[in-house]
């Protein structure tokens, strides 16, 4: 049963990944539509980032995480290096949790 | 971050490594959670290597432990459905060779997609995709092995704040694209819809719902002219 679950998940996930890739080559898309694909990906990634920043299991994630993410985004906005963005976000959240912020 | 405009390989390696460290920590936590849920070690390692999707793996282990294997498959696939539009957006990036497509498909993740699409030119996109794809796959699986070995001694990654590292990294990679007005309107309205829907829908669906953000393109642009 366990093997079946893992294989179903693995094959299904691979199918999503592969079919998007192959569809892109098979479909002859007008430029207008092709232009939308990176925008769609940006919308999905932004949604992923924001929901991960503020929610946990469908509810508010607490303040420590969104504040850490905010620090990272401000740094990114100010053109800080990527490594600084990631480390500052994690460090802020870790520090806030250490101080007892949920 | 305008690291995105720098296509130099050392800079890219450093950036991918920053996310890679966080991924090792979360992978270790997955390994430890798997051991705690009494899954066989082979099953835990196979999941990380074959499914290779963190959110779906945690969800599946939770539902397996709760005795709902069918729900584990459906919930996991719902979370992973976003990889299809990622594949569509990455289409040209992986090239036309079947070997590259078959292998590259498996390496599509949120972060690899973000690293690739943040690059300004096709050659840079290809380089960023493969570097992030291979690097993060190794990080995730090495982390899982570490977690299985250390099991109960793996600390809570939340204490290190790694849960803030991923959204911050993704948003930093997205910033250059968001300078385009249309992309910004689509992405921000889509993200707002997803956050608003999160309390009410099963995991995975709110993020897919962000695609309705594309609808803002059909709205007339804000015009200032007035008939006088």
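Chains as they are written, first to last, in this note's numbering: chain A, 1480 to 1581; chain B, 7 to 234. Think of the CB as a built atom: it goes at the ideal place given N, C-alpha and C, for glycine as much as any other residue. These numbers come from a predicted model, not from an experiment.
Under the Cβ distance rule, residue 148/B does not count among the residues neighbouring chain A, no pair being separated by less than 9 Å.
Residues of chain A with a Cβ closer than 8 Å to the Cβ of residue 188/B are, in chain order, 1518. Interface annotation for the stretch 165 to 180 of chain B against chain A: 165, 166, 167, 168, 169, 170, 171, 172, 173, 174, 175, 176, 177, 178 and 180, criterion Cβ-Cβ distance under 7 Å.
Listed along the chain, the chain B residues whose CB falls inside 7 Å of the CB of residue 1579/A amount to none; the nearest CB is some 13 Å away.
DSSP places residue 206/B in the coil class of the three-state scheme, outside both helix and strand. With distances taken between CA atoms, residue 1498/A lies nearest to 95/B out of 189/B, 95/B and 19/B. Exclusion of the five residues before and after residue 67/B leaves 39, 40, 43 and 45 as the residues of its chain whose Cβ lies within less than 7 Å of its Cβ. Taking the CA atoms as reference points, residue 88/B sits about 10 Å from residue 217/B. Any Cβ of chain A closer than 9 Å to the Cβ of residue 92/B would place that residue at the interface, and such an atom is present. Counting only residues of its own chain and dropping the five nearest sequence neighbours on each side, residue 190/B has a CB closer than 6 Å to the CB of 184. Residue 47/B is not a Cβ neighbour of residue 149/B, given a cutoff of 9 Å. For the options 158/B, 69/B and 83/B, the alpha carbon positioned closest to that of residue 57/B is the one of 83/B.
Residue 1535/A has 1538/A as its beta-bridge partners, per DSSP. Distance check between residue 1560/A and each of 125/B, 108/B, 165/B and 24/B places 24/B closest, using alpha-carbon atoms only. Between residue 199/B and chain A, the shortest Cβ-Cβ separation is below 9 Å. Contact between residue 50/B and residue 209/B does not hold, since the beta-carbon distance rounds to 21 Å and is not under 8 Å.
Of all residues in the stretch 131 to 163 of chain B, none has a C-beta nearer than 8 Å to a C-beta of chain A. Any Cβ of chain B closer than 9 Å to the Cβ of residue 1510/A would place that residue at the interface, and such an atom is absent. Closest by C-alpha distance to residue 1580/A, out of 1526/A, 1545/A and 1509/A, is 1545/A.
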